[in-house]
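Have a look at the structure below, then the notes.
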Amino acid sequence: MVLITEELLRKRAEHNEKEICTLEEVSLHQESITKIEHIDKWCRELKILLLQSNLISKIENLGRLKLLEYLNLALNNIEVIENLQGCEMLQKLDLTLNFIGDIESVRSLQHNEHLESLFMTGNPCADYPGYREFVIATLPQLKQLDGTQIFRSERITAVQKLDGIMEGLILHQRAHKEKRAKQKRELMSNTQTHNDNIDETDPEENSRFWNKKSENTPETRIEIAEHTRRAQKARQSSEPEPKKRVLKFFKADGTPYNINEAKIPFLLESDEETNSIILKVEVYKYLDTSLIEIDVQPKYVRLTVKGKTLQLSLSEEVKTDDAVALRSQVTGFLTITMPKVNGEIKQKKEVLPLKPKNVENSNPSFSRREYLEIGRRDPVDYCNIVRNTSKAEEIKSQKSSLSKKAEQDSQSRKVPEEDFEDDEEVPPLE
0 MVLITEELLR
10 KRAEHNEKEI
20 CTLEEVSLHQ
30 ESITKIEHID
40 KWCRELKILL
50 LQSNLISKIE
60 NLGRLKLLEY
70 LNLALNNIEV
80 IENLQGCEML
90 QKLDLTLNFI
100 GDIESVRSLQ
110 HNEHLESLFM
120 TGNPCADYPG
130 YREFVIATLP
140 QLKQLDGTQI
150 FRSERITAVQ
160 KLDGIMEGLI
170 LHQRAHKEKR
180 AKQKRELMSN
190 TQTHNDNIDE
200 TDPEENSRFW
210 NKKSENTPET
220 RIEIAEHTRR
230 AQKARQSSEP
240 EPKKRVLKFF
250 KADGTPYNIN
260 EAKIPFLLES
270 DEETNSIILK
280 VEVYKYLDTS
290 LIEIDVQPKY
300 VRLTVKGKTL
310 QLSLSEEVKT
320 DDAVALRSQV
330 TGFLTITMPK
340 VNGEIKQKKE
350 VLPLKPKNVE
360 NSNPSFSRRE
370 YLEIGRRDPV
380 DYCNIVRNTS
390 KAEEIKSQKS
400 SLSKKAEQDS
410 QSRKVPEEDF
420 EDDEEVPPLE
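See the structure below:
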């Protein structure tokens with residue numbers, strides 16, 4: 000059967016980064032564990048411990064778990080409640096479907112002052128008359144028993160009836176102990192003879208075992224678990240190992256297959272300008288380059304990524320020695336350039352630059368006036384900035400001729416007319 004080991008605890012402590020010293024909750028259910036051990040030494044800070052559906056026959060090695068609040072031991076082979084006095088913070092205890100017949104062992108829970116909820120459904124002692132009254136009167140700190148809330152009136156009634164029901168409880172307890180002793184003697188002999196003759200691989204023997212009537216005892220649970228384990232082991236040994244798939248890279252005539260076992264997107268194209276075949280593979284960005292293998296052959300190219308193969312047949316032969324593989328540092332994509340054996344490299348067509356448009360007749364573009372500019376805004380044609388120099392000279396000459404003409408006009412205006420009479424009484428204009 001299974002033992003509690005450090006490896007098992009670390010496996011169930013993945014939510015705590017596999018650290019068991021700071022573990023607060025662990026689930027060890029359905030592991031066929033037969034004994035509780037090492038937990039109180041390795042996991043001192045446990046608050047929740049789930050051990051249901053195992054083969055544990057005794058409560059032990061839990062006294063050092065001072066912070067334990069919830070303990071689940073349902074569906075085990077426990078017959079006596081014991082060794083829980085050290086669990087000072089225990090609030091909830093689940094002992095459903097065990098084999099507890101010693102009802103007086105409930106007194107050991109009186110030291111657990113914080114115990115509020117107790118589940119004992121499915122145990123032999125739960126069928127004793129006066130069971131509920133005895134538990135309620137014995138454990139005054141309880142607030143809930145078998146999922147039912149305990150009221151103050153019920154507790155007072157249970158304390159009053161305790162002396163009257165004790166005698167009947169003790170009689171039922173003795174009868175259960177005698178019955179258990181008889182069951183152990185019978186089951187030991189039957190189990191030994193049965194295990195010697197059973198064949199787990201025989202379907203008839205297997206069906207006979209499961210159809211056989213048996214009593215609900217701890218020994219029966221252990222027998223069922225052992226039979227299941229042996230049957231599973233025999234089934235695994237009899238089953239042949241699955242054959243590994245063997246990839247075929249070539250046909251019977253030597254033609255290479257196209258294989259994309261890695262399921263990686265790719266693009267295979269022919270470049271006429273460089274007379275080569277280019278393969279672009281969208282390799283995973285963070286994949287280490289050492290995990291990529293490339294094999295370029297005249298008729299095919301093979302790429303291996305983490306053991307998965309990508310093989311493509313080529314339409315023309317390529318020069319294997321001149322092949323170049325480059326990988327992008329940004330995207331991680333891989334580009335393999337394979338020059339062809341036959342063919343010529345075509346000259347690249349020269350692309351002539353575009354001629355500038357004729358802007359002589361275009362409207363002059365005015366510069367945008369900014370806030371910091373002061374003065375008049377002059378139109379500037381930047382496209383004809385060289386030609387504007389000649390225009391500026393023409394404008395300058397025109398301005399000079401206009402200024403000369405204005406001077407002549409002003410001089411002509413200063414000459415007095417023939418019929419002009421100078422009146423000295425009139426003051427001169429200033």
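Counting in numbering that gives the first Met the number 0, the sequence shown runs from 0 upward without gaps.
Each residue gets a CB set at the ideal place from its N, CA and C atoms; glycine is no exception.
When the distance is taken between beta carbons, is L96 closer than 8 angstroms to L70?
A distance of 8 angstroms or more separates the beta carbons of L70 and L96.
Between which two residues does the alpha helix (DSSP H) harbouring N205 extend?
Note, N205: alpha helix (DSSP H), P202 to N210.
Going straight from the alpha carbon of K34 to that of L108, what length do you get?
Going from the Cα of K34 to the Cα of L108 covers about 21 angstroms.
Cβ of K183 within 8 angstroms of Cβ of E260?
No; because the gap between Cβ atoms is not below 8 angstroms, this pair is not in contact.
Does the pairing of the stretch 260–270 with the stretch 294–309 give three or more beta-carbon distances under 8 angstroms?
Output reads yes: the stretch 294–309 touches the stretch 260–270.
Grab the span of the beta strand (DSSP E) containing A73 for me, first residue to last.
Counting along the chain, no beta strand (DSSP E) covers A73, and no H or E run does either.
Looking at C-alpha atoms only, which residue of M187, M165, S312 and H226 is the closest neighbour of E204?
Of the listed residues, the one whose Cα sits closest to E204 is H226.
What whole-angstrom Cβ distance do L246 and L278 have, given they're in contact under 8 angstroms?
Not really, about 19 angstroms apart at Cβ, beyond 8 angstroms.
Beta-carbon separation of E115 and K160 under 8 angstroms?
Taking the C-beta atoms as reference points, K160 is found no nearer than 8 angstroms to E115.
Whole-angstrom Cβ separation of G62 and N82, contact assumed at under 8 angstroms?
Cβ atoms of G62 and N82 come within 8 angstroms of each other, at about 6 angstroms.
Report buried or exposed for S275, applying the criterion of at least 16 other Cβ atoms within 10 angstroms of its Cβ.
The residue is buried, with at least 16 neighbouring Cβ atoms inside 10 Å.
Which residue's Cα is closest to the Cα of V317: Q328, L117, P352 and K339?
Nearest C-alpha to V317: K339.
Report the partner residues of N259 according to the DSSP bridge assignment.
Note: N259 is bridge-paired with L309 in the DSSP secondary-structure output.
Taking the alpha-carbon positions, what's the E68 to L49 distance?
Straight-line Cα distance between these residues: approximately 11 angstroms.
With DSSP collapsed to three states, give me the class of A251.
For A251, the secondary structure class from DSSP, reduced to helix, strand or coil, is coil.
Coil, strand or helix - S399 by DSSP:
Helix, per DSSP.
How would you label H175, buried or exposed, when you count the other beta carbons within 10 angstroms and need 16 or more for buried?
So H175 ends up on the buried side.
Residue range of the beta strand (DSSP E) that K91 falls in?
DSSP places K91 inside the beta strand (DSSP E), whose first and last residues are K91 to D93.
Who are the near neighbours of F332 in its chain, counting only those whose CB is closer than 8 angstroms to its CB and skipping five residues on each side?
K279, V280, E281, V282 and R326, listed in sequence order.
Beta-carbon separation (whole angstroms), N76 vs R220, contact threshold 8 angstroms
That pair is a contact at about 6 angstroms.
One or two residues paired with A136 in a DSSP bridge:
According to DSSP, A136 bridges with nothing at all.
6 angstroms CB neighbourhood of G85 in its chain, flanking five on each side removed:
Excluding residues within five positions, the ones whose Cβ falls inside 6 angstroms are G62.
Supposed close pair Q140, E112 - CB separation, criterion 8 angstroms:
Confirmed, Cβ separation roughly 6 angstroms.
Can you give, in chain order, each stretch of the alpha helix (DSSP H) that sits fully within the stretch 269–315 and has at least 4 residues?
List check, alpha helix (DSSP H) in window: nothing returned.
Return the bridge partner residues of M337 from the DSSP annotation.
Answer is I276.
For R326, list the residues DSSP reports as bridge partners.
R326 is bridged to L333.
Closest to K57 by C-alpha separation, out of E78, L45, K46 and L168, would be which residue?
In terms of CA proximity to K57, E78 leads the group E78, L45, K46 and L168.
Rounded to whole angstroms, what's the CA-CA distance from K395 to D422? Just pull it up for me.
As the crow flies, the alpha-carbon of K395 is around 43 angstroms from that of D422.
CB contact flag (W41, L8, <8 angstroms)
Cβ distance < 8 angstroms, so W41 and L8 count as in contact.
What residue range does the beta strand (DSSP E) around L48 cover?
Run containing L48: I47 to L49, per the beta strand (DSSP E) assignment.
K46 and E13 - do their beta-carbons sit closer together than 8 angstroms?
No, Cβ-Cβ distance for E13 and K46 is not below 8 angstroms.
Would you mind stating whether I102 and Y130 have Cβ atoms separated by less than 8 angstroms?
In contact: I102 and Y130 (Cβ atoms closer than 8 angstroms).
For R151, count the other beta carbons within 10 Å of its own beta carbon; 16 or more makes it buried, fewer makes it exposed. Which is it?
By the neighbour-count criterion, in which 16 or more other beta carbons inside 10 Å mark a residue as buried, R151 falls on the exposed side.
Relative to the alpha-carbon of L27, which residue among P297, R11, E292 and P239 has its alpha-carbon at the smallest distance?
Nearest of P297, R11, E292 and P239 to L27, Cα basis: R11.
Grab me the residues of I80's own chain with a C-beta within less than 8 angstroms of its C-beta, minus the 5 sequence neighbours each way, in chain order.
Once the five neighbours on either side are set aside, the close Cβ partners of I80 are I58, L94, I99, D101, S104, V105, S107 and L108.
With C-beta atoms as the reference, is E30 less than 8 angstroms away from N53?
The answer is yes: Cβ separation under 8 angstroms.
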